[in-house]
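Chains as they are written, first to last, in the numbering used here: chain A, 1 to 921; chain B, 1001 to 1110.
For each residue, glycine too, the CB sits at the ideal point set by N, CA and C.
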């Protein structure tokens, strides 16, 4: 019964505060009157009666405060009251509040921005049902397709393997397959009016895909196992929410409509919910179609049938399973590998013992799949960790600044706090009130920081992508990010608010009211007092130095990367990928097509030279095979593998790779003649030492069987895939006398000067030679190289920005401390000047103190710098972690900051009038 | 010997106030004087302790308040005991009895 009474009281106290207060006030006053009356009745004179009554009462305000403390719900009321008082304080000092909020917004915002990216790339679970039950049988960090034969953990599975495992396993309630890399194709909407549809990303998936993930469509239905039954027999599609919005304008009648891909019409049967973006983070499909439609999406190829030999497997599917309840990861792994081994066993019948051993040594690494697949993790994991550390340091520096200005202000607030004490606030209450102010500051700063982060993430995206295909990062704030920001805000408020709150709680009442306490709290010039301000600044210097050194290392590293020699001329080189096989060309038609393209290009005036290359430069693909070299040095047989390319005539003159001995591939090296080839320098040296390799026969082991070529030349080493590549063994054979599949190639075009003319000429040439092909995407070599350096560029830019930010914050912090110190020492300076000190010596006095603080900070920072350098060393290029230049530069910048910071305080010190100073004290 | 009840004897003060109100409605000063009287002058309840207790007990629902006129026609806030309060008084009295018996026992033991 009393509970409802208490609740009523609570609510009344909260909402009718004024009425309650008025009532209390009247009651206490009435009591006083009664006391006075009583005293008069007992014979006291009125004045005496009043005084005695007052004493017995003990102070009206005190009594009221005691009652308030005991009220139900008082805790809430005090918090609200503290907030109101705090907000009023902040309003009264707008300048200070603005500086503090800005500093905090920068610190918190930077952390939230980076954390958003970290959350999306590393932490976020797929927005599907029970993601913790999902596992990857394949490698979630891999993307693309592999053909051939090897051992170890599988990156991908083949379609027949997936089918067998789906039917026969006991540990998964369902298995789903998705093509690892979906193509971007032109998708037309029927009756949309456009003849050429915009590009959309297609994802080929199994019928079980949506049910295994547990994704329910917001419209229509999803695939079932029916779509897997007949090859090319299920032209249906599920579209993404964003595709539905952008191409169908959110029309709810979309389920009756069709889309066209490569000439085939697909029924739209469903729409996925907006938050589902496929199983690969960073790749957002627009359209899902069944795997059984593969030959419509990749024409001219068969990735679905069982291979003629197990050496020719096409591994291209990511496979995800949902564990049966009660089956843990280890059991799932054991169970499925038993089934997988059975498959391998059944296929290994005809192999040699050696091959058999390798073949059977393949496994499925079964790992947690809740976060989906992503190539971003491999590229960005370390950089993101480093960035989080960097912004964490920025936050600490920012907190130190705010703490310092709060401490400075607390000295000026002594009187106000003393008054509060007389009103009945205890030390705990004061502590709480000042801390609440800090929490308010941090919350406001955090709110602005969140806004800053949203804006910054958009800019961050542009930095990260750096190329024509931005990674679709979905960094809109979700609950985890909001919780993170809130947590950081609370943490920072405690960090910088604790010291001022403690100081407030220790207010010495009598000395403050009498005015004898030093109204300017010293920052360490009194013996025994902890120089908190100076300690904070020294810490800031250390942290900032760390950041500057890291930034310096990245800048130097990037400079090195940008200066790397490729072995060929990167400028004025255009490159484009042409895939005739995908558009119906077969066999000899393809070779003829390429010959024609080259011939047409050779006639264009602005084209100096054109050639072909199967894997392309910086294109993401490469070939690697074992080779047997006749007459090679014995030890070279240990690792017989080499990378290789198939190139057209005049390849080396087009790219500019120098020919060291012999001749390059020419038009005469086509299918009818003896196959020739060239080695690069590393390969030649490895197999032949200083001997001349020309004329030697080399045997290449491929899945088709062995093929030979004769060495006709040696070329210089060059970079084929990444800027950081180390020299590798490589050989080149003619594209027109190929080994294996030569159905697609990169066309390389060396131009003389301006790029506009050649680009249109190339388009025309390709169009004329192959009218069926869609418009080609032409890139410059510079673009490709630049894209490959996108991550490095991002880190360098960001660490530069943050390093500068840190330096500015430290400068402000040093300025604050120094101007404080000068104010506190005004009398001392006055005396010195009166005694004959020169202005310069005063300047030096101030400067020395500032530089001493910087020096201490630097000295403390040195060991940390070595540690930090080691940690980031895997990302550095050509720079040692303890690089003296970076270190010297950072230190010099810090000292410069120290000098800059005390410019104004020093000038003030120099202009001290001794008479005024002494009189003031 | 005027000792002021401290927060440790909070329950005791509640008890005394409730007991005082059995006699009838009273304003704050009246309650204070009554407690002094019934404890033979041992406890003098200062307003700093009285008011917090009164207000808290009202919030708990043991007593209720109203504004009325005092003897000299001055406005004052009066308190009266209500049903829940009487029950609380009974409980507290029993508890106090148990405590004092227990302590008496403890002190008599050798």
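- In the three-state scheme derived from DSSP, where H, G and I count as helix and E and B as strand, residue 234 of chain A is classed as coil.
- Boundaries of the alpha helix (DSSP H) harbouring residue 905 of chain A: 903-910, taken from the DSSP string.
- Note: residue 624 of chain A is bridge-paired with A:643 in the DSSP secondary-structure output.
- The beta carbon of residue 1092 of chain B sits no closer than 8 Å to any beta carbon of chain A.
- Taking 8 Å as the threshold, the shortest C-beta distance from residue 11 of chain A to chain B does not fall below it.
- If only uninterrupted alpha helix (DSSP H) runs of at least 4 residues are considered, those enclosed by the segment 641-726 of chain A are 651-655 and 681-688.
- When Cβ-Cβ separations below 8 Å define contact, residue 1070 of chain B makes contact with chain A.
- In this structure, the beta-carbon distance from residue 144 of chain A to residue 180 of chain A falls below 8 Å.
- In this structure residue 534 of chain A is buried. Its beta-carbon is surrounded by 16 or more other beta-carbon atoms within 10 angstroms.
- Every unbroken stretch of the alpha helix (DSSP H) spanning 4 or more residues and falling wholly within the segment 190-259 of chain A is given here in chain order: 209-213 and 241-248.
- In this structure, residue 397 of chain A lies near residue 809 of chain A, with their beta-carbon atoms less than 8 Å apart.
- Its Cα nearest to that of residue 823 of chain A, the residue A:906 stands out among A:708, A:874, A:791 and A:906.
- At a cut-off of 8 Å, the C-beta of residue 426 of chain A has no neighbouring C-beta in chain B.
- Listed in chain order, the positions of the segment 1052-1069 of chain B with a beta carbon within less than 9 Å of a beta carbon of chain A are 1052, 1053, 1054, 1055, 1056, 1058, 1059, 1060, 1061, 1062, 1065 and 1067.
- In this structure the segment 560-568 of chain A touches the segment 652-666 of chain A; the number of beta carbon pairs closer than 8 Å is three or more.
- Closer than 8 Å to the CB of residue 1109 of chain B there is not a single CB belonging to chain A.
- When Cβ pairs closer than 8 Å are counted between the two stretches, the segment 1010-1029 of chain B is seen not to touch the segment 852-865 of chain A, the count staying below three.
- Chain order gives the chain B residues near residue 70 of chain A as 1052, 1055 and 1056, where near means a beta carbon separation below 7 Å.
- For the pair residue 735 of chain A and residue 612 of chain A, the CB atoms are nearer than the 8 Å cut-off.
- Counting of Cβ neighbours within 10 angstroms places residue 133 of chain A among the buried residues, the total reaching 16 or more.
- A straight-line Cα-Cα distance of about 13 Å links residue 31 of chain A and residue 1071 of chain B.
- Within chain A, the C-beta atoms nearer than 8 Å to that of residue 1074 of chain B come from 30, 33, 34 and 37, in chain order.
- Of the residues assessed, residue 208 of chain A falls on the buried side of the cut-off, its CB having 16 or more other CB atoms within 10 angstroms.
- At least one C-beta of chain A is nearer than 8 Å to the C-beta of residue 1029 of chain B.
- Burial is judged here by how many other beta carbons sit within 10 angstroms of a residue's own beta carbon; residue 572 of chain A has at least 16 and is buried.
- The count of Cβ pairs closer than 8 Å, one atom from the segment 68-81 of chain A and one from the segment 403-421 of chain A, stays below three, leaving the stretches out of contact.
- Taking a Cβ-Cβ cut-off of 9 Å, residue 43 of chain A has no neighbours in chain B, whose nearest Cβ is about 16 Å from it.
- Per DSSP, residue 136 of chain A lies in no alpha helix (DSSP H) segment; the continuous beta strand (DSSP E) that holds it begins and ends at 134-136.
- In the DSSP assignment, the residues bridged to residue 746 of chain A are A:577 and A:613.
- In this structure, residue 488 of chain A places its C-beta atom within 8 Å of the C-beta atom of residue 111 of chain A.
- Taking residue 231 of chain A as the centre and dropping the five residues before and after it, the same chain places the C-beta of 292 closer than 6 Å to its C-beta, in chain order.
- Just so you know, the alpha carbons of residue 837 of chain A and residue 919 of chain A end up roughly 19 Å apart.
- In this structure, DSSP gives residue 455 of chain A a helical state, which the three-state scheme calls helix.
- Boundaries of the beta strand (DSSP E) around residue 779 of chain A: 778-780.
- DSSP lists no bridge partner for residue 504 of chain A.
- Put simply, the CB of residue 62 of chain A is near chain B, with a gap under 8 Å to one of its CB atoms.
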